[in-house]
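Peer 1: By the UniProt record's numbering, the letter at position 405 of the sequence shown is numbered 405, and the numbering carries on one by one without gaps.
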Amino acid sequence: VRRSSCSSVPGSSSAVWSTMADKAQLQEAIKTQGEVVRKLKSEKASKEQIDEEVAKLLQLKAQLGGDEGKHVFVLKTAKGTRDYNPKQMAIREKVFNIIISCFKRHGAETIDTPVFELKETLTGKYGEDSKLIYDLKDQGGELLSLRYDLTVPFARYLAMNKITNIKRYHIAKVYRRDNPAMTRGRYREFYQCDFDIAGQYDAMIPDAECLKIVYEILNELDLGDFHIKVNDRRILDGMFAVCGVPGEKFRTICSTVDKLDKMAWEDVKKEMVNEKGLSEDVADRIGEYVSMQGGQDLAERLLQDPKLSQNKQACAGLTDMKLLFSYLELFQVTDKVVFDLSLARGLDYYTGVIYEAILSQTIPAPAEQNGADEAGVSVGSVAGGGRYDGLVGMFDPKGRKVPCVGVSIGIERIFSIMEQKAETSSEKVRTTETQVLVASAQKNLLEERLKLTSELWNAGIKVEVLYKKNPKLLSQLQHCEETGIPLVAILGEQELKDGVVKLRNVASREEVRLIVSQIVYNLSCILTKHFD
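Take a look at the structure:
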């Protein structure tokens with residue numbers, strides 16, 4: 001009884017022992033977390049991983065001793081996001097320019113939509129992926145969500161503005177509450193590059209153009225060998241029907257089949273049977289079909305299939321698939337395209353042809369992220385899309401449909417590949433486009449340098465000048481070498497008396513003398529020759 005009453009008194013020995021026990025547990029947790037951090041560093045894990053575990057360690061330490069109760073703010077980016085340094089941004093700009101150039105070559109115009117939408121706009125469009133949508137707090141009575149992709153906002157835009165024909169591209173950030181895999185280019189905030197054709201046109205011509213665009217972009221980016229899988233949701237639905245899948249399970253089984261690029265067939269079958277409630281016989285029948293790959297010949301063969309040939313949806317899809325391959329042959333891209341019955345793409349809004357571009361090889365992982373002996377990073381899908389003829393009608397009060405087909409380029413994965421290639425390449429990535437540095441060989445020539453710099457800027461020439469009154473010529477030349485500036489215009493007292501400027505090629509050290517009064521014209525000619 002005495003022990004019981006004593007324990008209820010604040011500051012009693014039991015309370016002290018309890019506090020000491022908590023402190024010991026905390027110290028043990030700090031020790032364990034410290035080992036985790038050390039192990040990650042020794043294994044040369046990714047910076048994001050190490051930063052995340054260091055943050056946990058600091059939070060534990062903050063609870064100990066004199067820091068108890070205080071919150072230590074750790075500077076870091078939110079999980080699934082990252083910063084981009086100038087070198088990384090230079091690579092991004094190069095990729096964006098290639099993609100935008102391709103979109104424009106095909107006659108696309110661009111639009112923009114809000115980064116968040118009414119929650120109702122996004123609800124029910126993504127199937128099982130809907131759980132990955134970021135919801136925002138209620139603001140002024142409106143329930144909002146960050147956009148999950150650029151396709152649904154595009155469909156809403158078409159319906160709102162009663163647009164029935166447009167060829168558009170859109171490059172913007174989207175958001176998903178996914179488990180990030182930073183080394184594979186999977187984030188919670190990332191860019192999408194979309195190209196879509198909306199309008200009533202003859203079958204398969206716009207679809208073939210979308211595949212041609214994927215082919216052109218991946219060829220120009222030179223990421224390595226790739227192939228483009230194509231299928232059709234009507235063929236999939238027909239296949240599910242003849243295999244005995246109940247109609248109400250088509251979408252959920254489609255989501256499971258979509259995992260075949262990440263999981264073995266046995267694991268996919270197990271999910272179908274154990275989690276989705278299919279019988280083993282039905283799953284096995286699906287397995288026979290999804291193992292089939294080919295081209296136009298496979299479409300012809302399946303049109304003779306005793307079961308599929310009796311399904312109207314499947315026949316319509318297979319007939320269009322034959323037509324698609326005939327157009328792809330005219331576009332000269334059939335060497336990279338394969339008709340693959342395992343391709344599902346789990347999004348609910350697809351109604352016809354679907355496709356996905358996949359890199360055929362792994363990319364070597366950078367040593368600082370994964371250790372020198374670790375295998376390369378498997379990138380997987382770098383583009384995907386398809387036909388979604390019913391999506392716009394879901395937003396139209398009268399249900400009027402606008403047929404659409406489009407493709408989304410997996411830009412973050414492409415960035416990851418390009419960054420890793422840059423790390424292993426001896427070629428230096430330039431982070432500026434400066435063409436000329438205006439320099440001086442002697443002191444007290446700041447005014448002359450600034451005057452010439454201004455004249456060249458006014459002429460549209462990309463020029464830099466060092467922010468020092470009397471910089472040494474050597475330090476100016478070193479700045480050119482470090483930043484990749486190819487030319488330096490050198491002012492000197494004698495040159496100014498003679499009315500000339502020395503122009504030096506930084507790499508070859510060759511020099512020419514340019515007349516000051518004609519410098520804009522002469523320098524422009526030299527730059528045109530140099531950069532062409």
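C-beta atoms are modelled at their ideal positions from N, C-alpha and C, and glycine is treated no differently. These figures come from a predicted structure and were not determined experimentally.
Restricting to Cα atoms, I'd like to know which of Lys-468, Pro-153, Arg-430, Lys-428 is closest to Glu-447.
Peer 2: Lys-468
Peer 1: To the nearest angstrom, report how far apart Gly-352 and Phe-103 are at their CA atoms.
Peer 2: 22 Å
Peer 1: Alpha carbon to alpha carbon, what distance is there between Glu-117 and Lys-39?
Peer 2: Roughly 43 Å between the two C-alpha positions.
Peer 1: How many Å lie between Asp-373 and Thr-319 at the Cα?
Peer 2: Residue confidence for Asp-373 is low, a pLDDT of 39 falling below 50, so the modelled location carries little weight; the figure read from the coordinates is stated next. Going by the C-alpha atoms only, they are around 49 Å apart.
Peer 1: Specify the secondary structure class of Lys-502 as computed by DSSP and reduced to three states.
Peer 2: strand
Peer 1: Do Val-115 and Lys-79 have their C-beta atoms closer together than 8 Å?
Peer 2: no
Peer 1: Between which two residues does the alpha helix (DSSP H) carrying Phe-531 extend?
Peer 2: Phe-531 -> alpha helix (DSSP H) spans 519-531.
Peer 1: If you compare alpha carbons, which of Phe-195, Val-152, Leu-150, Gln-518 is closest to Glu-109?
Peer 2: Phe-195
Peer 1: Since Leu-347 and Tyr-187 are thought to touch, with beta carbons under 8 Å apart, how far apart are those beta carbons, to the nearest angstrom?
Peer 2: In fact, because the Cβ distance is near 19 Å, the residues do not count as touching under 8 Å.
Peer 1: Given this structure, state the Cα-to-Cα distance separating Ile-253 from Pro-206, to the nearest angstrom.
Peer 2: 28 Å
Peer 1: Would you kindly work out how many angstroms separate the C-alpha atoms of Val-438 and Lys-428, rounded to a whole number?
Peer 2: For Val-438 and Lys-428, the distance between alpha carbons rounds to 22 Å.
Peer 1: Comparing C-alpha positions only, which one of Glu-481, Ser-508, Ile-515, Ile-485 sits nearest to Leu-491?
Peer 2: For Leu-491, the closest C-alpha among the options Glu-481, Ser-508, Ile-515, Ile-485 is that of Ile-515.
Peer 1: Under 8 Å, do Ala-441 and Leu-466 count as touching if we go by C-beta distance?
Peer 2: Against a cut-off of 8 Å, the Cβ pair of Leu-466 and Ala-441 comes out as no contact.
Peer 1: Using only the alpha-carbon positions, how far apart do Gly-294 and Ile-163 sit?
Peer 2: 37 Å
Peer 1: Could you tell me which whole alpha helix (DSSP H) segments of length 4 or greater appear in the region 252-320?
Peer 2: Runs of the alpha helix (DSSP H) inside the region 252-320: 265-270, 280-290, 296-303.
Peer 1: Run through DSSP, which three-state label would Arg-387 get?
Peer 2: Looking at Arg-387 - three-state DSSP - the assignment turns out to be strand.
Peer 1: Does the pairing of the region 480-487 with the region 447-460 give three or more beta-carbon distances under 8 Å?
Peer 2: No, because fewer than three Cβ pairs between the region 480-487 and the region 447-460 fall closer than 8 Å, the two stretches do not touch.
Peer 1: Report back the beta-carbon spacing between Pro-153 and Thr-431 to the nearest angstrom; my notes put them in contact at under 8 Å.
Peer 2: Contact doesn't hold; Cβ gap of about 33 Å is too wide.
Peer 1: Going by DSSP, what residues sit across from Ser-408 in a beta bridge?
Peer 2: Asp-194, Gly-384.
Peer 1: In whole angstroms, what separates the C-alpha of Asp-83 from that of Phe-331?
Peer 2: 39 Å
Peer 1: Quick one: what does DSSP say His-170 is sitting in, helix, strand or coil?
Peer 2: strand
Peer 1: If I follow the unbroken beta strand (DSSP E) through Asp-232, where does it start and stop?
Peer 2: Asp-232 -> beta strand (DSSP E) spans 226-232.
Peer 1: So who's on the other strand from residue 540, going by DSSP bridges?
Peer 2: No statement about residue 540 is possible, as the shown extent of the chain runs from 1 to 532 and does not include it.
Peer 1: Around the C-beta of Met-89, are 16 or more other C-beta atoms found within 10 angstroms, so that it is buried, or is it exposed?
Peer 2: exposed
Peer 1: State the DSSP-derived secondary structure class of Leu-26, mapped to helix, strand or coil.
Peer 2: helix
Peer 1: From the DSSP secondary-structure annotation, give me the bridge partner or partners of Leu-359.
Peer 2: Phe-226
Peer 1: What's the C-alpha gap between Gly-386 and Leu-343?
Peer 2: 11 Å
Peer 1: Just the Cα atoms here: how many angstroms apart are Val-37 and Lys-119?
Peer 2: 40 Å
Peer 1: Just curious, the beta strand (DSSP E) that Val-115 is in, first and last residue?
Peer 2: From DSSP, Val-115 is part of no beta strand (DSSP E); its letter is neither H nor E.
Peer 1: How about Thr-113 and Tyr-157: are their beta carbons less than 8 Å apart?
Peer 2: yes
Peer 1: Judging by CA-CA distance, which residue of Lys-529, Glu-412, Gln-435, Lys-462 is the nearest neighbour of Tyr-191?
Peer 2: Glu-412
Peer 1: Below 8 Å, how does it come out for the region 242-261 and the region 206-217: are there three or more Cβ pairs, yes or no?
Peer 2: In short, these stretches do not touch, since the Cβ pair count stays below three.
Peer 1: Below 8 Å on the Cβ atoms is my guess for Val-290 versus Glu-280; work out the distance and round it to an integer in Å.
Peer 2: About 15 Å separates the CB atoms of Val-290 and Glu-280; that is not less than 8 Å, and the two are not in contact.
Peer 1: Would you mind working out which of Glu-329, Phe-250, Arg-513, Gly-124 sits nearest Glu-495, comparing C-alpha positions?
Peer 2: Arg-513
Peer 1: Could you tell me the alpha carbon to alpha carbon distance between residue 557 and Pro-486, rounded to whole angstroms?
Peer 2: Nothing about residue 557 can be reported from this structure: the residues present for the chain run from 1 to 532 only.
Peer 1: Are the CB atoms of Gly-399 and Val-382 within a distance shorter than 8 Å?
Peer 2: no
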